[in-house]
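Using the numbering used here, you'd call the opening residue of the sequence shown number 59 and step up by one each time.
Please read the structure below before turning to the comments.
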Amino acid sequence: MSGSWSKLQKALSFRQPKSPPENASSDAKSPPSTRPSSAASSSTFSRFSRSFSSTSRSSKRTCAICLGSMKAGNGQAIFTAECAHSFHFSCIANSVKHGNYLCPICRCKWKEIPLMSSFSTDVNTNNAGRTRVSPLEDNYLDNIPRVQPPVSLPLPEPLHFSDDEPLPSITVDQTSSPSTVHPETAVLKAFPEYSAVATSGSMSRFAVLVGVRAPPLADDVRHQERAPIDLVTVLDISGSMAGSKLTLLKQAVCFVIDNLGPSDRLSIVTFSSGAQRNFPLRRMTEQGRREAAQAVNAISANGGTNIVEGLKKGVRVLEERRERNPVASIVLLSDGRDTYNGDNANQRRSPRNRRSSNATSGPDFLNLLPSSICPRNREGLAAGQLPTFHVHTFGFGLDHDSSAMHAISDASGGTFSFIETVGTVQDAFAMCIGGLLSVVVQELKLTVRSASRGVEIGSIPSGRYASEISEQGKQGVINIGNLYADEEKEFLVYLSVPSAEIEQTAAKTSLLQITCSYKNTISEEMVSVEGETVEIRRPPVLSPTDVIISREVDRQINRLAVAETIAEAQQLAEMGNLEAAQAVLTNRRATLLSSVSAQAGDALCSWLDMELTEVRERMVSRERYEQTGRAYVLSGLSSHSWQRATTRGDTTSQILLQGGSSSNSGATMYETPSMVSMISKSQNLSLVNRAEQVPRPNKSCNLPPPPS
């Protein structure tokens, strides 16, 4: 009996909660009402335990890096860390290889680090089929002296980035002509400002619109008809990128990875306080995409912002590669200011898009950039000695340095896009690669030549494209370079037209002969295209219809005038004179709406009207201009100067596809069908992911969806 009583006492003492001695009396007087609270706490703990247990079981069944199954017997070694999270050994070892020594799930610093090795004796396999590695403190590979690398430093990189994956061998039928390899050629067009000039009349500034349109891509052989690309992404992973920004960036980069072809190659460079090549230049085969996605998933954010070092390393990847794809480009994304170079070197802070002393001319650190992306730094070098790699820059969020990003892209021949809302980063990347993955024309030169005596070329406003007038106004050449499929470029050529009385032929006057030459992306042979000669009538007396300006010419005059006005307004805004800036924009809008093309309902004029209105709204106050106005304006000027679409604000995510064109002000008239198709693909993917709540954006990119 005494034994039973003793056991009962022990059981009661175990159940009784322990209390500090000084609170014993108060606890004895406590009412029984405290018990329900204890029960509720127990219930909450029970639910939390079940939830944690379920999550733990799920994480043990699925690799958090590739989201593949980790069931025993599938032929893959499994690494279980001391924090109890498990991964495929190959996945986590590849992550560690790229300098990531924290758990991808809980960010715990491990004492045991998985390392790939050719020695099978260093890996211990337990009965469950799971692979563990020996801790670093143990005698691990005693015959190989090594030191545990610090967490903040990446693994050593090669001295030269000549480890790019070889290109696939592609055989082109040399007996085929360029027209056989690519059935369609570029198309030339031209429109005179007026259809007629009186016989006795003359004009010192007569405009002729000349344009060129690239051939389309066939849907069934898109990879074969375009030029393959070597693409380097240079990504800001400073501390300000932590959280949803980095998650969405990873998702966007993996979208790029999934849409590259097997002949395309990708390298990933990241920068914070320093720069690191996270992934070498590799072909995007199935294995290449998988390894690239693993490298992206392993990225973490910390440190400052060193844009210069990131660009230098990205350029090295392209300059030091052994083999070269026909197209090479760099994509740069940053959400802050370079805190290590130029004016910001001693500031170490990122004020919101504030005006710097060089807001219009760009940052001082441009002279630190390699000459292959900043040709003005080629002092003492031949003009064509080094190739220029286009850098397409993306200002991410509201705190980035829009002046610097615009200056970098402008110097290299790339475009600047403003991602106002972080959730649209994938769509912004989609627009960019939609163009880069559709290059069908290279080294394009557009030539115009006087077709009559007395007709002289006076000027060619060509934006950022280099143009030259030679032979005393008899010839003009515009160097355009690459064209995306279906991409169109239009230029105004201003002529002097003499009176027709000199030549005794009053019927017509030939003004210009137009030709273009370019390299076929498949055969790599040069193609020449001749356009029709531009002519005007020379009647003795002009009819009422003869004095009506061509709509095609008028709309182009409007586009150039609007771009010039926005640039003028931006300069006024930088000086703090927002009232004058708004007045300039208002006057230009009135002139635009009264033009012939706008009155006829021209689509481009409607878009220009919306652009002027949007710019004016973003200059309504100094705060609004500093916050989003400057970046919006600079991305628009970039778009106009290259006649190429850019992301402007957050409106790209609202594109409505109607017959292959956009009806939203965020989508410029420079978009190509390939761009629209890629944006649509990105948006449809996002809609499917939100509807199905899939924990990854696509099959190859194992990433969580953006937070709602």
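Cβ coordinates follow ideal geometry from the N, Cα and C atoms, glycine included.
Bridge partners - residue i, DSSP secondary structure assignment
i      : result
Arg595 : Ala254 and Lys566
Lys167 : Leu160
Asn578 : Val499
Asp294 : Phe329
Pro335 : For the record, residue 335 in the displayed sequence is Arg; it is not Pro. In DSSP, Arg335 forms a bridge with Val327.
Gly481 : Looking at the DSSP assignment, Gly481 forms no beta bridge with any residue, so it has no partner.
Leu246 : Val270
Gly521 : BP columns for Gly521 are empty, so no partner.
Leu289 : Leu324 and Ser387
Phe487 : Answer is none; Phe487 lacks a bridge partner.
Ile572 : Val506
Beta strand (DSSP E) segment containing residue i, residue limits
i      : result
Ala537 : Before going further, note that residue 537 is Asn rather than Ala in the sequence given. Counting along the chain, the beta strand (DSSP E) containing Asn537 begins and ends at Gln533 to Tyr542.
Gln309 : Where Gln309 is concerned, there is no enclosing beta strand (DSSP E), although the alpha helix (DSSP H) it sits in stretches over Ser302 to Asn317.
Leu550 : Glu546 to Val555
Val146 : The residue asked about is misnamed: residue 146 is His in this sequence, not Val. Per DSSP, His146 belongs to the beta strand (DSSP E) from Ser144 to His146.
Gln500 : Val497 to Ser508
Leu225 : Per DSSP, Leu225 belongs to no beta strand (DSSP E) and is neither H nor E.
Thr451 : His448 to Phe454
Phe476 : Phe474 to Ile477
Ala265 : Met261 to Arg271
Leu391 : Val385 to Ser392
Ser586 : Met584 to Glu588
Gly516 : Glu514 to Ser517
Thr138 : Ile136 to Thr138
Cβ-Cβ separation, residue j to residue i (assumed contact under 8 Å), whole Å
i      : j      : result
Arg706 : Tyr690 : 6 Å
Ser608 : Glu367 : 51 Å between Cβ atoms; not a contact.
Ser557 : Ser260 : 5 Å
Pro597 : Ala254 : 6 Å
Leu550 : Ala265 : 5 Å
Gly372 : Ser331 : With 8 Å as the limit, Gly372 and Ser331 do not qualify as a contact, their Cβ atoms being about 16 Å apart.
Val497 : Thr579 : 6 Å
Endpoints, the alpha helix (DSSP H) within which residue i is located
i      : result
Phe796 : This structure leaves residue 796 out entirely; the chain is present only between 59 and 766.
Val371 : Reading off the sequence shown, one finds Lys at residue 371, where the question assumed Val. Taken as a continuous stretch (DSSP letters only), the alpha helix (DSSP H) holding Lys371 covers Ile365 to Glu377.
Ile624 : Arg609 to Glu632
Thr649 : Leu636 to Leu651
His698 : Arg688 to Trp700
Met668 : Ala661 to Glu675
Phe219 : Note, Phe219: premise wrong, no alpha helix (DSSP H); not H, not E.
Glu729 : From DSSP, Glu729 is part of no alpha helix (DSSP H); its letter is neither H nor E.
Glu526 : No alpha helix (DSSP H) holds Glu526; the beta strand (DSSP E) holding it covers Ala524 to Ser528.
Met299 : Taken as a continuous stretch (DSSP letters only), Met299 belongs to no alpha helix (DSSP H), as it is neither H nor E.
Ile466 : Ser460 to Ser470
Val354 : Glu344 to Asn355
Val654 : Val654 to Gln657
With 16 other Cβ atoms within 10 Å as the buried cut-off, status of residue i
i      : result
Ile388 : buried
Ala300 : exposed
Val746 : exposed
Met584 : exposed
Glu729 : buried
Lys167 : exposed
Met633 : exposed
Leu217 : exposed
Arg395 : buried
Pro90  : No answer about Pro90 holds up, because its pLDDT of 42 lies below 50 and its placement is not dependable.
Ala627 : buried
Asn360 : exposed
Glu637 : exposed
Pro286 : buried
Gly659 : exposed
Lys129 : exposed
Thr328 : buried
Glu283 : buried
Pro50  : Nothing about residue 50 can be read from this structure; the chain reaches only from 59 to 766.
Glu344 : exposed
Gly297 : exposed
Any non-hydrogen atom of the ligand ATP closer than 8 Å to residue i Cβ
i      : result
Ser575 : The ligand ATP is not among the ligands present in this structure, which contains no ligands whatsoever.
CB contact below 9 Å: residue i versus chain B
i      : result
Gly319 : No chain B appears in the structure shown, which is made up of a single protein chain.
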